[in-house]
Amino acid sequence: MAKVCHTSEKHSRGQRSLPPLQFHTPLPYGAILHKAESNQGEGVQFVVFSRNATGMRVLLYDQSHDRDPTEVISFEPKHDRFGDVWSIFVPELKHGQLYHFQADGLFDTSSGQSFDPTARLIDPYSKALAGHFLQHHDGIVRPPKSVVVDDTFDWRGDQHLRHGLADTVIYEMHVKGFTADASSGVTHPGTYLGVIEKIPYLKSLGITAVELMPVHEFPLESFTGKHCKHENYWGYDPLAFFAPHQGYAASKLPAAQVSEFKEMVRALHAAGIEVILDVVFNHTAEGNAEGPTLSMKGLENSVYYMLDNDSGAYQNYTGCGNTINANHPVVRELIILCLRHWVHTYHVDGFRFDLASILSRDQNGKLIKNSPVIEAITEDPMLADTKIIAEAWDAAGSYQVGTFATLRWAEWNGRYRDDVRRYWRGDANQTGNLATRLAGSSDLYAGEQRQPYHSINFITSHDGFTLNDLVCYEQKHNEANGENNNDGDNNNFSSNYGAEGLIGNETIAILRSKQIRNMLSTLFLSQGVPMLLAGDECRRTQKGNNNAYCQDNEISWFDWQLTVENADLVRFTTSLIHKRLNNPTLRRRTFLEGGSSELGTLPDVEWFSSDGSHVDWFADDKSLVCFFGAPTPERLIDEHDPEAGGLNGTPQHVLIFCNAGTEPRTFHFPSSPILRAMLWEVCIDTGRQHMARATDQPHAFDPFQPVILAERSLLCLLAAGSRESTKRLDS
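In terms of this note's numbering, the numbers along the sequence shown are unbroken and rise by one, the last being 818.
Written out as structure tokens, the structure reads:
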């Protein structure tokens with residue numbers, strides 16, 4: 088039975104002279120701070136959307152641990168409501184003021200209304216949160232408090248870097264996990280400031296962009312205020328989309344996370360490193376009907392969430408209990424304003440959209456082409472220079488890799504991950520797939536004028552095995568998660584090569600090391616944009632856990648001692664990255680066609696078998712030779728795209744020999760006279776047991792002699808010039 092909820096209004100000291108929107112600020116909603124010198128005088132304007140609320144209040148607090156408000160300011164609908172927007176100015180409030188909203192209205196799940204007059208509601212537009220969930224015995228959930236924020240910050244001339252996508256090397260990392268371990272040796276472990284202390288390491292690797300796992304506010308403890316045995320470590324459970332996570336701040340003062348996050352971005356930019364945020368506009372921490380009322384649910388449930396038209400039940404396309412109604416105009420506006428906020432206020436350079444296929448679902452959950460919210464993101468003028476990356480699938484079966492949105496969007500290429508893993512594992516009939524992935528995945532991205540740099544190539548990510556564990560475990564080992572090892576993906580395309588786990592004899596250890604080098608080499612030799620999972624360059628392990636979402640401990644944290652123990656692999660990875668960034672041949676901005684004239688009248692791509700002849704794609708052969716022709720200066724200019732980049736460095740021809748078989752393989756140099764007339768140098772040889780760099784020093788390769796590639800190994804050559812030109816120089 089439906090019931091109307093209300094409470095008696097307390098005395099209000101709000102002033103009613105302001106309109107609901109203040110166009111001088113990027114955010115027309117939330118808590119808008121007016122300083123003393125403003126026309127209105129010092130104070131805060133509180134603006135919140137609710138269509139069906141019958142009453143609205145703002146609750147003011149003095150301390151983050153206050154269980155109850157020190158003052159309640161009631162909105163008067165006659166004066167403080169403008170359509171569906173409630174707006175009131177409260178004088179004398181300052182930066183750091185803590186608050187909640189509270190709304191009266193109908194509670195009727197069948198009609199999608201979930202108003203609760205006792206609920207303390209986080210402002211959906213909160214710029215920061217303070218405190219934690221407080222323990223309670225009266226049934227009232229007391230969530231963290233919203234904070235009024237003064238966004239003033241000395242950026243010292245910082246600007247967005249605008250690296251071209253083709254010139255980008257992404258490093259996916261967790262802010263806390265990167266420095267939380269004592270081995271990091273930083274002053275502020277597990278924080279934004281801790282990341283700053285490790286920038287020299289990122290710079291030395293050659294990283295051009297960090298992709299940060301969620302930094303928006305998310306709950307760490309239960310809604311009852313009690314400690315959770317399995318914490319929400321990853322952060323894919325949003326509480327406040329606009330607010331940096333307070334748990335990553337070194338200072339515990341309210342809103343300290345705002346300035347510290349900006350300090351981190353400013354420092355990364357100074358080192359030439361962009362910042363990409365992993366954003367989760369697909370669900371919130373409010374869960375389903377059994378979940379708490381924390382924010383949107385208590386303000387306008389039927390607008391913010393997808394509900395069943397008949398029962399009012401939450402649609403669950405995310406596997407997390409609810410689904411954000413992203414294509415409702417009000418929610419679409421929130422998403423756009425949030426993205427603008429991170430770009431404008433925090434100088435963020437791009438976004439990776441978690442479960443982005445949710446954005447393709449209309450208000451009834453049906454997948455539609457170029458949905459309103461995707462079109463809005465694509466065309467928004469303030470986002471024009473930002474990198475936009477989609478995880479083009481969701482938890483309800485949608486898989487849109489290669490078909491997501493428009494050329495404005497790059498995509499995490501899950502096909503790349505799977506095909507490279509399967510080829511190097513030695514699966515049958517994978518050679519053609521490897522070739523397609525090396526060449527930029529034209530089967531996925533050649534349509535609709537998309538290019539190789541729309542493919543974000545990766546072998547591993549936070550979601551799954553680390554690269555080390557990919558070669559040490561055939562089965563997941565998620566027992567520590569407390570779900571009887573039922574969570575996590577069972578389809579990993581991994582192998583332990585003879586012994587499950589980190590144990591194994593010397594032969595197994597050598598093979599595992601070689602397989603890691605094979606996959607890293609493939610990643611950085613492929614057309615497209617490489618993404619490296621933090622720690623893969625030094626063999627970080629999660630001990631077989633492929634779903635460490637709740638492991639805020641040594642299982643997930645970066646063990647910096649590994650950079651010493653596996654310094655050879657760190658140097659190898661560094662060399663791979665720098666070779667890539669110095670050779671535009673590996674960063675093409677258009678798809679390779681096979682017939683295009685390149686330097687020396689060569690094609691831009693050509694494929695050979697191990698005997699030097701052109702490859703037979705129908706043969707079940709685990710060997711492959713790939714030639715990437717260096718583009719002429721004229722072609723580089725013709726391909727020029729300021730957003731893509733790809734111009735830096737000196738173009739060199741590239742030859743890649745791959746042997747995924749379990750036996751050594753004799754390779755003959757391609758029969759092309761032009762190629763044989765060139766001087767070639769070995770730049771990568773994964774078959775060598777001990778590697779200081781990709782090779783200790785580039786050394787000459789004789790194209791007239793066959794070469795034996797060890798089992799499961801990769802050899803890469805770079806053209807250093809022609810034999811004829813060398814003879815002329817010697818004469």
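The C-beta atom is built at its ideal place from N, Cα and C for all residues, glycine as well.
Checklist entry - Based on the DSSP secondary-structure assignment, which residues constitute the bridge partners of Lys232? => result For Lys232, which the question treats as bridged, DSSP gives the partners Ala217.
Item to check | Cα-Cα separation, Arg29 to Met300 | outcome: Because residue 29 is not part of the residues shown, which for the chain are 88 to 818, the question remains open.
Item to check | Residue nearest to Ile286 in terms of C-alpha spacing, selected from Pro231, Tyr335, Met351 | outcome: Check the Cα spacing between Ile286 and each of Pro231, Tyr335, Met351: the tightest is with Met351.
Item to check | Identified DSSP bridge partners for Ser309 | outcome: Beta-bridge pairing links Ser309 to no other residue.
Checklist entry - Out of curiosity, what's the CA-to-CA distance linking Ser581 and Ser758? => result When rounded, the distance between both Cα atoms is 35 angstroms.
Item to check | Residue of Arg353, Cys407, Ala354 minimising C-alpha distance to Glu77 | outcome: As shown, the chain starts at 88 and ends at 818. That puts residue 77 outside it, with no answer to give.
Item to check | 8 angstroms CB neighbourhood of Glu726 in its chain, flanking five on each side removed | outcome: So the list reads Arg675, Arg676, Thr677, Pro718, Gly733, once near-sequence residues are dropped.
Next on the checklist: When you measure from the CB of Ala267 to every non-hydrogen atom of the ligand HEM, does any distance come out below 7 angstroms?
Outcome noted: The ligand HEM is absent from the structure shown, which contains no ligand whatsoever.
Item to check | Nonlocal neighbours in the same chain, by C-beta distance under 6 angstroms from Tyr540, ignoring five residues either side | outcome: Answer for Tyr540: Leu252, Ala253, Val616, Ala731, listed in chain order.
Next on the checklist: Rounded to the nearest angstrom, what separates Gln562 and Gly631 at their Cα positions?
Outcome noted: Cα to Cα, Gln562 sits roughly 7 angstroms from Gly631.
Checklist entry - Leu446 to Leu424, Cα distance in whole Å? => result Taking the Cα positions, Leu446 is about 16 angstroms away from Leu424.
Next on the checklist: For Phe348 and Gly681, I'd like the C-alpha separation in whole angstroms.
Outcome noted: The straight-line gap separating the alpha-carbon atoms of Phe348 and Gly681 is approximately 46 angstroms.
Item to check | Supposed contact pair Gly774 and Leu796 - C-beta distance, whole angstroms, cut 8 angstroms | outcome: About 6 angstroms separates the beta carbon of Leu796 from that of Gly774, a gap short enough to meet the 8 angstroms contact definition.
Next on the checklist: Taking 8 angstroms as the threshold (C-beta atoms), are Phe305 and Ala621 in contact?
Outcome noted: No, these two residues do not count as a Cβ contact at 8 angstroms.
Next on the checklist: Please list the terminal residues of the continuous alpha helix (DSSP H) segment that includes Asn605.
Outcome noted: Taken as a continuous stretch (DSSP letters only), the alpha helix (DSSP H) holding Asn605 covers 593 to 612.
Next on the checklist: Whole angstroms are fine: how far does the CA of Tyr510 sit from the CA of Gly519?
Outcome noted: Between Gly519 and Tyr510, the C-alpha separation is close to 9 angstroms.
Item to check | Inter-residue spacing [alpha-carbon to alpha-carbon] between Asp467 and Leu421 | outcome: It is roughly 13 angstroms from the alpha-carbon of Asp467 to the alpha-carbon of Leu421.
Item to check | Beta-bridge partners of Pro331, as assigned by DSSP | outcome: DSSP lists His303 as partners of Pro331.
Checklist entry - Would you say Pro331 and Ala217 are within 8 angstroms of each other, going by their C-beta atoms? => result No, the pair does not count as a contact, with Cβ atoms beyond the cut-off.
Item to check | Assigned exposure category for Ala787 - 16 Cβ within 10 Å defines buried | outcome: Looking at its Cβ environment, which holds fewer than 16 other Cβ atoms inside 10 Å, Ala787 is exposed.
Checklist entry - If you follow the beta strand (DSSP E) that Phe348 is part of, which residue opens it and which one closes it? => result Element bounds for Phe348: not the beta strand (DSSP E) but the alpha helix (DSSP H), 343 to 357.
Next on the checklist: Pop quiz: Thr334 and Gln222 are said to be a contact at Cβ under 8 angstroms. What is the actual Cβ separation, rounded to whole angstroms?
Outcome noted: For the sequence presented, residue 334 should be read as Gly rather than Thr. Wrong, their Cβ atoms sit about 18 angstroms apart, outside the cutoff.
Checklist entry - Secondary structure at Ala443, three-state DSSP: helix, strand or coil? => result Ala443 falls in the helix class under three-state DSSP.
Next on the checklist: If I follow the unbroken beta strand (DSSP E) through Phe715, where does it start and stop?
Outcome noted: Counting along the chain, the beta strand (DSSP E) containing Phe715 begins and ends at 710 to 715.
Checklist entry - How about the segment 695 to 708 and the segment 749 to 768: do they share at least three Cβ pairs that are nearer than 8 angstroms? => result Yes, the segment 695 to 708 is in contact with the segment 749 to 768.
Item to check | Secondary structure of Phe659, DSSP reduced to three states | outcome: In the three-state reduction of the DSSP assignment, Phe659 falls in the helix class, which pools H, G and I.
Next on the checklist: List, from N- to C-terminal side, the alpha helix (DSSP H) runs of 4 residues or more that fit wholly inside the segment 273 to 300.
Outcome noted: Fully enclosed alpha helix (DSSP H) runs of 4 or longer: 279 to 284, 286 to 292.
Checklist entry - Is the segment 737 to 754 close to the segment 552 to 571, with three or more CB pairs under 8 angstroms? => result They do not touch, by the three-pair rule.
Next on the checklist: Along the chain, where does the alpha helix (DSSP H) containing Thr432 start, and where does it finish?
Outcome noted: Run containing Thr432: 416 to 433, per the alpha helix (DSSP H) assignment.
Next on the checklist: Checking 8 angstroms against the spacing of the C-beta atoms, do Ile771 and Leu723 come in under that value?
Outcome noted: No.
Checklist entry - Is Arg249 buried or exposed, if buried means 16 or more other CB atoms sit within 10 Å of its CB? => result Under this definition Arg249 is an exposed residue.
Checklist entry - Around the C-beta of Pro793, are 16 or more other C-beta atoms found within 10 angstroms, so that it is buried, or is it exposed? => result With fewer than 16 other Cβ atoms within 10 Å, it is exposed.
Next on the checklist: With three or more beta-carbon pairs closer than 8 angstroms as the criterion, would you say the segment 269 to 288 touches the segment 223 to 232?
Outcome noted: No: fewer than three Cβ pairs fall under 8 angstroms.
Checklist entry - From which residue to which residue does the alpha helix (DSSP H) around Gly142 run? => result Run containing Gly142: none in the alpha helix (DSSP H); it sits in the beta strand (DSSP E), 142 to 148.
Checklist entry - If you count every other CB in all the chains shown that lies within 10 Å of the CB of Asn500, and 16 or more means buried, which is it? => result Asn500 counts as buried, since no fewer than 16 other beta carbons sit within 10 angstroms of its beta carbon.
Checklist entry - Is the beta carbon of Asp365 sitting closer than 8 angstroms to the one on Asp441? => result Contact annotation: Asp365 and Asp441 have beta-carbon atoms nearer than 8 angstroms.
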